[in-house]
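Numbering (full-length UniProt numbering), first residue to last: 1 to 139.
Encoded as structure tokens, the structure appears first; notes follow it.
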């Protein structure tokens with residue numbers, strides 16, 4: 001079958017109603033690597049870009065999203081820890097747009113019934129509209 005395992009997506013295809021960061025970017029631990037002497041894990045590296053992976057929790061604002069789909073993790077491949085845009089909303093949620101999203105399907109069989117879900121990776125994060133000529137707010 002010629003369907004790719006990693007499917008390129010646009011931000012609006014994945015988050016048509018917006019995406020909001022709910023915490024800071026953290027290094028993604030590599031659970032396939034051996035633990036360090038102190039018990040910690042090294043940071044995971046993206047196999048395609050060879051860049052460190054960072055993870056952030058994101059709230060999907062789609063009103064039709066199911067309970068299990070409202071909060072998702074997005075992994076970002078970047079040389080340094082990504083910096084979200086300035087939050088001017090007065091709430092703890094920072095609206096963002098991800099660039100270079102890759103969706104990877106996988107089976108979540110941790111519940112009563114197995115279900116298809118998606119692992120999301122991105123190459124960057126920016127303020128909404130930054131790629132449409134609006135001012136960028138992210139380094």
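C-beta atoms are modelled at their ideal positions from N, C-alpha and C, and glycine is treated no differently.
Values in this document were obtained by computation on a predicted structure and should not be read as measured data.
Assignment of residue 14 by DSSP, reduced to helix, strand and coil, places it in the helix class.
The alpha-carbon of residue 73 is positioned some 18 Å away from that of residue 127. With contacts defined by Cβ atoms closer than 8 Å, residue 51 and residue 79 form a contacting pair. DSSP places residue 65 in the coil class of the three-state scheme, outside both helix and strand. A Cβ-Cβ separation of about 5 Å places residue 98 in contact with residue 11 under the 8 Å criterion.
Look at residue 19 here: in three-state DSSP terms it is strand. In this structure, residue 94 keeps its C-beta atom at 8 Å or more from the C-beta atom of residue 82.
Across the set 71, 102, 56, the C-alpha of 102 shows the shortest separation from the C-alpha of residue 8. By alpha-carbon distance to residue 44, the top candidate from 59, 121, 14 is 121. Annotation for residue 33: 41, 42 place their beta carbon closer than 7 Å to its own, counting only its chain and skipping 5 residues before and after.
Apart from the 5 residues on each side of it in sequence, residue 31 sits with its Cβ closer than 7 Å to the Cβ of 41 in its chain, given in chain order. For residue 55, the pairing in a beta bridge is given by DSSP as 26, 75.
For residue 124, the enclosing beta strand (DSSP E) has its first and last residue at 124-126.
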